[in-house]
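Here is the structure we will look at, set down as structure tokens.
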Amino acid sequence: MHITWTEQAQNKIHEIIKQHPNGHFVLNYDREGCGCSDDGIYTLGFTDEPIQNEVQIDTNSVPIYVMSYNQVYLDNEMTIDYDEKTKNFDLKSLNQIMNQAMSCVIDLKSKASNKL
Numbered sequence: 013m014h015i016t017w018t019e020q021a022q023n024k025i026h027e028i029i030k031q032h033p034n035g036h037f038v039l040n041y042d043r044e045g046c047g048c049s050d051d052g053i054y055t056l057g058f059t060d061e062p063i064q065n066e067v068q069i070d071t072n073s074v075p076i077y078v079m080s081y082n083q084v085y086l087d088n089e090m091t092i093d094y095d096e097k098t099k100n101f102d103l104k105s106l107n108q109i110m111n112q113a114m115s116c117v118i119d120l121k122s123k124a125s126n127k128l
């Protein structure tokens, strides 16, 4: 499994990392209010919470993590892009658009990270 961050997405994620150097990116599979477990949507998060049940996905840049049991909903080759107009990330593959309006939810717990 591999995710390619586009140049626009890399520019944005490096801005986030510059402000919060102790965090990491995660893809969350949100099923709340979606019905069955196959009807979820991926969201992008940035957190400094410890990595426990997450697996790292190979990328061309900054690592991204996903819960191991949610990997089944991902394709083998994906791309994350960033749209400056909408201020959203897009997660897509050759087969589908998984989410074309992902904001990056920054959820920092440590005081050191919150100072930035």
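Heads up: the sequence shown is residues 13 to 128, going by the numbering used here.
Just so you know, even glycine gets a beta-carbon here, dropped at the ideal spot from N, CA and C.
Three-way DSSP call (helix, strand, coil) for residue i in this model
i	result
Q68	strand
S80	helix
N100	strand
Q112	strand
D119	strand
E61	coil
H14	strand
N40	strand
Counted within 10 angstroms of its Cβ, other Cβ atoms place residue i as buried (16 or more) or exposed
i	result
I109	exposed
L56	buried
T98	exposed
H26	exposed
Identity of the residue in the options nearest residue i by Cα
i	options	result
I118	I28, T18, T98	I28
N100	V78, N72, N111, S73	N111
C116	Y54, M13, N34	Y54
D60	D95, P33, E96	P33
Whole-number beta carbon distance between residue j and residue i, since they are thought to touch under 8 Å
i	j	result
N107	D87	6 Å
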